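Quick note on my numbering: the sequence shown kicks off at 211 and runs consecutively. Idealized CB from N, CA, C, for every residue including glycine. Fair warning: this is a prediction, and the values are worked out from it, not measured in the lab.
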Amino acid sequence: MIDPPPLKNDCFALPPGVEWTPVDEALARLRAGLACVVGTEAVPLADADGRILAEDAIARRANPPEANSAVDGYGFAGPAPEGVNRLSLAAGRAAAGVPFAGMVPPGQVLRILTGAALPKGVDTVVLEEDTATDAASIAFHGPVKRGANTRRAGEDIAAGAVALPAGRRLSPPDLALLAAVGIGSVAVRRRLRVGVLSTGDELRAAGAEAGPGQIYDANRPMLLALTGRWGHAAVDLGHVPDDRAALRARLDRGAQECDVILTSGGASAGDEDHVSALLRAEGSLTSWRIAMKPGRPLALALWRGRPVFGLPGNPVAAFVCALVFARPALETLVGAGWQAPQAMRLPAAFAKSKKPGRREYLRARLSPEGMVEVFASEGSGRISGLSWAEGLVELPDGPTEVRPGDPVCYLPYGAFGL
Numbered sequence: 211m212i213d214p215p216p217l218k219n220d221c222f223a224l225p226p227g228v229e230w231t232p233v234d235e236a237l238a239r240l241r242a243g244l245a246c247v248v249g250t251e252a253v254p255l256a257d258a259d260g261r262i263l264a265e266d267a268i269a270r271r272a273n274p275p276e277a278n279s280a281v282d283g284y285g286f287a288g289p290a291p292e293g294v295n296r297l298s299l300a301a302g303r304a305a306a307g308v309p310f311a312g313m314v315p316p317g318q319v320l321r322i323l324t325g326a327a328l329p330k331g332v333d334t335v336v337l338e339e340d341t342a343t344d345a346a347s348i349a350f351h352g353p354v355k356r357g358a359n360t361r362r363a364g365e366d367i368a369a370g371a372v373a374l375p376a377g378r379r380l381s382p383p384d385l386a387l388l389a390a391v392g393i394g395s396v397a398v399r400r401r402l403r404v405g406v407l408s409t410g411d412e413l414r415a416a417g418a419e420a421g422p423g424q425i426y427d428a429n430r431p432m433l434l435a436l437t438g439r440w441g442h443a444a445v446d447l448g449h450v451p452d453d454r455a456a457l458r459a460r461l462d463r464g465a466q467e468c469d470v471i472l473t474s475g476g477a478s479a480g481d482e483d484h485v486s487a488l489l490r491a492e493g494s495l496t497s498w499r500i501a502m503k504p505g506r507p508l509a510l511a512l513w514r515g516r517p518v519f520g521l522p523g524n525p526v527a528a529f530v531c532a533l534v535f536a537r538p539a540l541e542t543l544v545g546a547g548w549q550a551p552q553a554m555r556l557p558a559a560f561a562k563s564k565k566p567g568r569r570e571y572l573r574a575r576l577s578p579e580g581m582v583e584v585f586a587s588e589g590s591g592r593i594s595g596l597s598w599a600e601g602l603v604e605l606p607d608g609p610t611e612v613r614p615g616d617p618v619c620y621l622p623y624g625a626f627g628l
C-alpha cells in the first residue's frame with residue numbers, strides 16, 4: 211500500500227487582511243488546499259459497497275459477452291418482408307447457458323429463449339407472442355427488421371473499456387456492473403478514519419445526570435452518525451473538558467488513530483475557546499470567520515500533520531457547517547473528489563426578507579404540494595428543526611426578498627449524501 215504525501219502546513223491559509231470569508235470563497239480555498247490523504251487496498255467485490263475506486267475499473271469481459279436474444283421467440287436470418295412469413299422449425303433450441311451447437315439453415319427458425327447466445331445463421335428474433343406454430347413451422351406478420359429483439363456483443367461495455375472511473379464511490383448497481391464484466395476484486399481507497407471530539411465543561415453524555423449550567427452532548431452522536439453515513443470509519447474520541455493538557459493529549463491520540471479530526475465547541479476566540487487557542491499555539495491554525503448563518507467560526511488547522519476541522523458548538527450550526535464544509539472536504543481527503551450538492555429550484559411556501567452580508571441556510575422541507583416550507587423559528591438553538599427538516603434552503607449573500615411562489619434554492623439532505 212502506498213500512502214499519498216501529507217497536506218502542506220499552509221493548506222488552510224487565508225490572504226493577509228481577510229476577516230470575513232464568503233461561503234463560495236471558503237469552499238474554493240478548501241478545494242484548492244486539500245488532497246487525498248489515504249492509501250489503497252484491494253477488496254473483494256462483496257466488500258466494496260460504499261468504497262472509493264482508487265483506479266479505473268477495466269472490463270475483463272464485454273457485456274454482453276456474446277450476441278444474444280432479448281426475448282423468448284424464434285431466431286432466423288433476417289430481415290423478414292412485409293406480409294405473412296412462414297418458416298420451417300429447426301430441431302432443437304437455444305437457451306441461456308445452453309447454446310445451440312449447430313447452424314440454423316436459411317429459411318428455417320430455431321426456438322430461442324431470453325439471454326441465449328445467437329447461434330450461427332441467426333441474427334434476428336421474432337417475439338413468441340407474435341407467432342403461430344403447428345410444431346413443424348411458424349407463421350408471423352412482417353416486416354421484421356434485421357437484428358430485431360437481439361442484443362449485440364459488447365453493446366453495453368466492450369472488453370478493455372473503462373467500466374467505472376477512479377474516484378467513484380461504489381453503489382450496489384456499480385457492483386452489478388463490475389460483476390457483469392468479470393471483475394471480482396477492486397483497488398479502493400482505504401476508509402478515511404474520522405475522529406469526532408466534543409469539548410467543554412458544560413457537556414454531559416446523554417442519559418447521565420446533568421446539573422445546573424450543564425447540557426447534553428448533542429454534537430458527538432450527530433457527527434459520528436454523519437461520518438458513518440458518508441462511508442468513513444468514525445472514531446469516537448469522546449469528550450474533554452476545558453483543560454489544555456487534556457485537550458492536547460486527546461488531539462495527540464486523534465493524530466495517531468485518525469486521518470482527520472472533527473471537533474465541536476471552542477473554535478472561536480473567547481476566553482474558554484481552548485480548541486482554537488491550543489491549535490494556534492502548538493499547531494497550524496487558521497480561524498475562518500465565514501459569512502454565513504448559522505455558523506461563522508470555523509477553525510481549520512493541522513495537528514501533528516492531521517487536518518482538524520473545528521466546528522461551532524451550537525448543534526444547528528455544527529450540522530450546517532458539517533454539510534456545507536466538512537462533507538466535500540472529507541470526500542476530497544478520501545480520494546472521491548470535491549462533491550458539491552445538487553440544488554433544486556422549487557417554489558417557496560414562505561415569505562422572507564434578508565439583509566446583505568451573509569449567506570443563510572434555513573431548515574426546510576417539501577409540502578404535500580411540492581412547495582418549500584421552512585421551520586417556524588430561525589433560532590439556532592432549536593435542534594428540533596433539524597429533525598423536522600428534510601433539507602436546507604440556501605439564500606444568497608446579497609439582499610433577498612422571498613414571497614410565496616418565488617423559486618428558492620432547496621438542498622435536500624440527500625444532496626449531502628444523507
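Glutamate 292 places its beta carbon 9 Å or farther from that of alanine 363. Taking all protein chains shown into account, glycine 601 has 16 or more neighbouring C-beta atoms within 10 Å of its C-beta and is therefore buried. Contact between the region 583-590 and the region 537-554 is absent, with fewer than three C-beta pairs closer than 8 Å.
In the structure shown, the three-state DSSP call for valine 248 is coil. If you look at histidine 484, you'll find it in the alpha helix (DSSP H) that goes 484-492. Put simply, the backbone Cα of glycine 595 is about 32 Å away from that of arginine 460. Secondary structure of aspartate 259 (DSSP, three-state): coil. In this structure, glutamate 467 keeps its C-beta atom at 9 Å or more from the C-beta atom of arginine 401. Boundaries of the alpha helix (DSSP H) around glutamine 466: 454-467. DSSP places glycine 595 in the uninterrupted alpha helix (DSSP H) bounded by 594-598. Here proline 517 carries a strand assignment [DSSP, helix/strand/coil].
In the displayed model, threonine 437 falls within a helix according to three-state DSSP. In the DSSP assignment, arginine 401 falls outside any alpha helix (DSSP H) and carries neither an H nor an E. With fewer than 16 neighbouring CB atoms inside 10 Å of its own CB, aspartate 462 falls in the exposed class. In summary, proline 614 is exposed, with fewer than 16 beta-carbon neighbours lying within 10 Å of its beta-carbon over all protein chains present. Excluding five sequence positions before and after alanine 342, the CB atoms of its chain that fall closer than 8 Å to its own CB belong to Ile348, Ala349, Phe350, given in chain order. Boundaries cannot be given for alanine 280, as no alpha helix (DSSP H) includes it and DSSP labels it neither H nor E. When secondary structure is reduced to three states using DSSP, threonine 542 falls in the helix class.
Counting C-beta atoms within 10 angstroms of its own C-beta, valine 372 has fewer than 16 neighbours from the protein chains shown and is therefore classed as exposed. Alanine 267 and glycine 307 have their C-alpha atoms spaced approximately 26 Å apart.
At a cut-off of 4 residues, the continuous stretches assigned as alpha helix (DSSP H) that sit fully inside the region 345-405 are 382-390. For alanine 342, the three-state secondary structure derived from DSSP is strand. Burial check for proline 254: the Cβ neighbour count within 10 Å stays below 16, so the residue is exposed. The beta carbon of alanine 280 sits closer than 8 Å to those of Thr324, Val335, Asn359, Thr360, Arg361, all from its chain and outside the five residues before and after it, given in chain order. Isoleucine 593 and alanine 242 have their C-alpha atoms roughly 33 Å apart. Inclusion of aspartate 384 and alanine 272 in the CB contact set at 9 Å is not warranted, their separation being larger than that value.
Closest in C-alpha terms to leucine 556, from the list Arg569, Lys562, Arg575, Arg568, comes Arg575.
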